[in-house]
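Worksheet for the structure shown next.
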Amino acid sequence: MTKLQYLSLTKGERALVNLGDFFKNFGKGFVNFFKSIPNKLLKFWNHTLTAPFKTLARAWSKGSWLVRGNFLVFGLYQITHREIARGILFLLYEVVFIWFFIKTGIPYLAKLGTLGTLSTTSHYMIDPSTGVADGTFTAGDNSFSILLYSLVTIFLLGLFVVLWYLSIRDAKSLHDNICVGRLSKNTQFFKDLVDSKYHTLLLAVPLVGLVAFTVIPVVFMMIVGFTNYDGGYRQTLFDWVGFDNYKLLFSGVGSGGGGVVTIFFKILAWTLLWALIATFTNYFLGMVIALLINKKGIKLKKLWRTILIFTIAVPQFVSLMLINRMLSANGFLTNLFVQAGWIKSQISPFQNVTLARVIIIVINMWVGVPYTMLISSGILMNIPEDLYESARIDGASSFKMYTAITLPYMLFITGPYLLSQFVGNINNFNIIYLLSKGAPSFNLNPNLGYGDPGETDLLITWIYKMSMESGSQSNYAMASTLGVLVFLVIAFFSLIFYGRSNAVKNEGDFS
Amino acid sequence: MAEKHFASKRFAEKSNRVLVYVILTVVSVIWIFPFFYLILQSFANYAVAGGADSSKLFPIQWTGDNYVALFTSTTRPFFRWWINTFLIAFATSALQTVLVLMTSYALSRLRFTGRQGLMKLMLILGMFPGFLGMLVNYYILQLLGLNGSMFSLIVVYVASSAMSYYIAKGFFDTVSRSLDEAVMIDGGSKNTVFWRIILPLSKPIIIYTILISFTAPWGDFMFGNFIASASQNITAADYTVAVGLYKITEQAEFGVFCAGAVMVSIPITVLFFWLQRYYVEGIAGGAVKG
């Protein structure tokens, strides 16, 4: 459509066209993402997968015997050619890994297929062969340890292969340099460490922490979704069950009329609705308040801002537990609602689905608006004043200026922030758990092992109930299965928005 | 005619401004009200029947006993909790700030293979419900021999610092690169750039990071509670305030909880207002690039 055609439309038609374009672009981004996959794979194959093998082949055929020695002994060439520090680090990892692999890795990896078969036995009973009851345990296999150690071994093995490759590549390039007469010095390693290889020095500790306390646990829990681990203290042995948990979730086993699958989709729908509403209400209300405070001629700007910051300063769990109390059956706010006639008797407002949802969204505004207010004030002050000046000369109303200048500018800059808020809201555990605990409940039979989900539960609180709160009925495997599903939902939205966001693409533009 | 037009316009502007003041006042009251209620209730006498009613704004019978109970009770050693949390928060804040700055600088300024991949990985990791990994975290702590003490929380908090690179990186991205180049031309290394250029220019973001990482342990209930209940070595005296306050709501009167909440909020609020300028600069300058 040309510009002229567009301008000839009425306002309503223009809005329709814009809406259509939005969805068209949305679809286009999605299609483009999948279209780009073959190309990406090709590039991955050429540059990432095959290139290392070429390097290895070259090192073997063109390198000296010491370079070839690196295929067996990490860092051999480096140690013999005045790169002692680097060589020793390579060698050290090789020695430590092989020791670990033989001593711990192999025994655990061998049991990974069955996750252990030997159950733990206690000697509280009199043992017929020895005639004693000493109350000790004969430790059997522990599936949890087997899975975890295997995982750690696999990670370390991956690192081993990478370092093996790097040590050879490094030896080859060192060899090439020496062939043309560029000898290296032992101190060069330390110089590189603060300059061209500075990132290794900076990222080493953060990455070790990330892998040990985030990556391994996340991968572990994803794998647990394919077992029947329940998380109880007594369960030492569990087994692989393949996709059984997924099948069970979607086959709709449940009490009464509503199966678990209906509950799952209800909670999923509420989670998405909540995330959308919570993100936008906070965003717009925060922006409106920021605009009001920033308005010319308004005095005491700092005071207004400071008052709102109070909610940020007080720990969130304190304010939420307080609000929870105010909304309990005989709470302060409940009484106010009764007096206002919104609810009939003094029961907790969380007994009514719609009311509970509205309250949660309103309280979330109370918690979140100060953040968006601060962020938007920062950006609002950055909008070039001459834009408004020229608009004013053209006779634009303040509402027009808002929709034509302020809003587009804000949306452009805060795109990634909105996305992170959306993801944060999908996983907003605190507000739901500390306010309503998911009430009103679906009254699902707790013996089914799905916890006690309720109408205002988000997927994340449901997972928490299933794994942490159900005591002997806890069901870690199912919780992990749900965790993977939550992850897929979020990844789906993020991929679409993140890939299309301008601020992400033009990372270097502002520097 | 023209004068009248101006007068009416000025009147419209003035009434407009009054309206804004009214809205801002209402908003402020709504935002401040729960804390007002909290402070009042912390002085209410819940120990006596009819001494207090949590559905009323003002206490029926005023008392300071709630605060006395906090500091004298042996079953609820609030002062110990406070000290525990302070130590944990202090150590976490110091270590985490260093790690966050290191990660952010590397991701913002250095170009190396896998940089984009690493950032995407951390984005993806953030989408998986973190507490499902708590069980594994606890097991890893056990392997390292660190379980059985609330101070192992420091390890857990600090270990995930890399994930919060986002704000500081956004800030570093806005520092002009020509400064780096000037240092490089004078023969400085990337290390020199970090110490001499980036850090001195990043005072707001450094203080912001310190503030955020210091306040987080005060509010973390989930992991604290998990560690506290998983180990038998941890007694009531070892709790953090978040865990302790939650236990108080389970067993004690509302008044004690309010008093505890006030005592937790005071140091953090003071800190916030003292460093407010940096907080605002940090959140506005780093969260979004503009």
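Heads up: the sequence lines are chains A and B, in that order. Taking my numbering, the leading residue of the first sequence gets 1, the next gets one more, and so forth. Taking my numbering, the leading residue of the second sequence gets 1001, the next gets one more, and so forth. No residue lacks a Cβ here, since even glycine has one placed at the ideal position from N, Cα and C.
Who are the neighbours of residue i on chain A, taking C-beta pairs under 8 Å?
i	result
R1010/B	Simply none; closest approach about 11 Å.
Y1105/B	L202
Y1037/B	L322, M326 and F332
M1102/B	L202, L203, V205 and P206
M1163/B	L210 and T214
T1269/B	F310, A313 and V314
I1159/B	It is Ala, not Ile, that sits at residue 1159/B in the sequence shown. Per Cβ cutoff of 8 Å: G209, L210, A212, F213 and T214.
For a contact meaning CB atoms closer than 8 Å, what does residue i contact in chain B?
i	result
N447/A	Simply none; closest approach about 22 Å.
V358/A	Chain B residues near V358/A: none, gap ~16 Å exceeds 8 Å.
A479/A	L1132
Starting from residue i, find everything on chain B with Cβ-Cβ shorter than 7 Å and list it in chain order.
i	result
P217/A	G1133, V1136 and N1137
I98/A	Going along chain B, no residue has its Cβ under 7 Å from I98/A, so there is no contact; the nearest lies around 20 Å.
Could you give the DSSP three-state label for residue i: helix, strand or coil?
i	result
G438/A	coil
W1296/B	Not covered by the structure: residue 1296/B. The range shown for chain B is 1001 to 1290.
G378/A	helix
G454/A	strand
I312/A	helix
T1075/B	coil
A396/A	coil
C342/A	In the sequence as presented, Cys is not what sits at residue 342/A; that position holds Trp. Here W342/A sits in coil by DSSP.
W1044/B	Contrary to the premise, residue 1044/B reads as Ala rather than Trp in this sequence. Note: A1044/B maps to strand in three-state DSSP.
T227/A	strand
R14/A	helix
My guess is that residue i and residue j are in contact by the Cβ rule of under 8 Å, so how many angstroms apart are they, rounded?
i	j	result
I1198/B	F1221/B	Not really, about 35 Å apart at Cβ, beyond 8 Å.
F213/A	V1156/B	6 Å
I1227/B	M1163/B	The pair is not a contact, with the Cβ atoms about 20 Å apart (cut-off 8 Å).
S1028/B	I289/A	In fact, because the Cβ distance is near 10 Å, the residues do not count as touching under 8 Å.
V369/A	N282/A	6 Å
L320/A	L435/A	6 Å
T1240/B	N1084/B	6 Å
F220/A	L163/A	The Cβ separation is near 23 Å, so there is no contact.
Y1105/B	L202/A	6 Å
I293/A	S398/A	Not quite, the Cβ-Cβ distance comes to about 16 Å (not below 8 Å), so this is no contact.
V1256/B	L1038/B	Not really, about 13 Å apart at Cβ, beyond 8 Å.
S1035/B	F317/A	Here the sequence assigns Phe to residue 1035/B, which means Ser is not the residue at that position. With 8 Å as the limit, F1035/B and F317/A do not qualify as a contact, their Cβ atoms being about 14 Å apart.
F1272/B	A313/A	4 Å
Y464/A	F1131/B	6 Å
Identify the contact partners of residue i in chain B, using a Cβ-Cβ distance below 9 Å as the criterion.
i	result
I463/A	P1129, F1131 and L1132
N335/A	S1055 and K1056
S494/A	L1123, I1124 and M1127
M221/A	F1128, P1129, L1132, G1133, L1135 and V1136
V486/A	M1127, F1128 and P1129
G231/A	L1135
Residue i versus chain A: which residues are under 7 Å apart at the beta carbon?
i	result
T1072/B	Neighbours of T1072/B on chain A: none; closest Cβ ~22 Å, over 7 Å.
I1032/B	I307 and F310
V1264/B	P315 and V318
I1083/B	In chain order: nothing, as chain A lies at least about 17 Å away.
Could you list which residues in chain A have their beta carbon closer than 9 Å to that of residue i, in chain order?
i	result
V1280/B	R305, I309, L374, S377 and G378
I1088/B	Here the premise fails: no neighbours, minimum Cβ distance about 14 Å.
Output, in sequence order along the chain, the residues in the segment 187-206 of chain A whose CB is closer than 7 Å to any CB in chain B. Listed in sequence order: V194, D195, Y198, H199, L202, L203, V205 and P206.
Which residues of the segment 296-315 of chain A have a Cβ closer than 8 Å to any Cβ of chain B? Give them in chain order. Hits within the stretch, in order: G297, I298, W304, R305, T306, I307, L308, I309, F310, T311, I312, A313, V314 and P315.
Pairing CB atoms from the segment 298-310 of chain A with CB atoms from the segment 1015-1030 of chain B, are three or more of them under 8 Å? Judged by pairs of C-beta atoms under 8 Å, the segment 298-310 of chain A touches the segment 1015-1030 of chain B, as three or more such pairs exist.
For the segment 407-428 of chain A, which residues have a CB atom closer than 8 Å to at least one CB atom of chain B, in sequence order? Listed in sequence order: I413, T414, P416, Y417, S420, V423 and N427.
Cβ pair count under 8 Å reaching 3, the segment 1232-1250 of chain B against the segment 1106-1121 of chain B: Between the segment 1232-1250 of chain B and the segment 1106-1121 of chain B there are fewer than three inter-stretch CB-CB distances shorter than 8 Å, so the stretches are not counted as touching.
Are three or more beta carbon pairs between the segment 184-195 of chain A and the segment 1089-1102 of chain B nearer than 8 Å? With a cut-off of 8 Å, the segment 1089-1102 of chain B and the segment 184-195 of chain A do not count as touching, because too few Cβ pairs lie within range.
Taking contact to mean at least 3 C-beta pairs separated by less than 8 Å, is the segment 465-485 of chain A in contact with the segment 219-238 of chain A? Result yes; three or more Cβ-Cβ pairs closer than 8 Å.
With three or more C-beta pairs closer than 8 Å as the rule, is the segment 419-435 of chain A touching the segment 269-279 of chain A? Three or more pairs of CB atoms, one per stretch, sit closer than 8 Å, so the segment 269-279 of chain A contacts the segment 419-435 of chain A.
Interface positions of the segment 1236-1261 of chain B facing chain A (Cβ-Cβ less than 9 Å), listed along the chain: So the close ones are V1241, A1242, L1245, Y1246, T1249, F1254, F1257, C1258, G1260 and A1261.
Do three or more CB pairs link the segment 53-70 of chain A to the segment 164-176 of chain A at distances below 8 Å? When Cβ pairs closer than 8 Å are counted between the two stretches, the segment 53-70 of chain A is seen to touch the segment 164-176 of chain A, the count reaching three or more.
Decide if the segment 346-359 of chain A is in contact with the segment 322-331 of chain A; the criterion is three or more beta carbon pairs, one per stretch, under 8 Å apart. Taking a contact to require three or more Cβ pairs closer than 8 Å, the segment 346-359 of chain A and the segment 322-331 of chain A qualify as touching.
Listed from N- to C-terminal order along the chain, which residues in the segment 44-78 of chain A have their beta-carbon within a distance smaller than 9 Å of any beta-carbon of chain B? Residues: none.
Any contact of the segment 1187-1207 of chain B with the segment 1274-1282 of chain B, i.e. 3+ C-beta pairs under 8 Å? When C-beta atoms of the segment 1187-1207 of chain B are compared with those of the segment 1274-1282 of chain B, three or more pairs fall below 8 Å, so the two segments count as touching.
Is the segment 1113-1127 of chain B touching the segment 1186-1198 of chain B, taking contact as three or more C-beta pairs under 8 Å? Taking 8 Å as the limit for Cβ pairs, the verdict is that the segment 1186-1198 of chain B does not touch the segment 1113-1127 of chain B.
With three or more beta-carbon pairs closer than 8 Å as the criterion, would you say the segment 1072-1089 of chain B touches the segment 177-187 of chain A? Too few Cβ pairs lie closer than 8 Å, so no.
Say whether the segment 438-452 of chain A touches the segment 396-413 of chain A, bearing in mind that this needs 3 or more beta-carbon pairs closer than 8 Å, one atom from each stretch. No, the segment 438-452 of chain A does not touch the segment 396-413 of chain A.
Mind the definition here: the segment 355-365 of chain A touches the segment 445-462 of chain A only if three or more C-beta pairs lie below 8 Å; say whether that holds. Segments in contact, yes.
Give, in chain order, every residue of the segment 1183-1206 of chain B whose Cβ lies closer than 7 Å to some Cβ of chain A. Answer set for the segment 1183-1206 of chain B: S1189, K1190 and N1191.
Three or more C-beta pairs below 8 Å linking the segment 146-158 of chain A and the segment 29-48 of chain A: As far as the Cβ criterion goes, the segment 146-158 of chain A does not touch the segment 29-48 of chain A, which means the pair count is below three.
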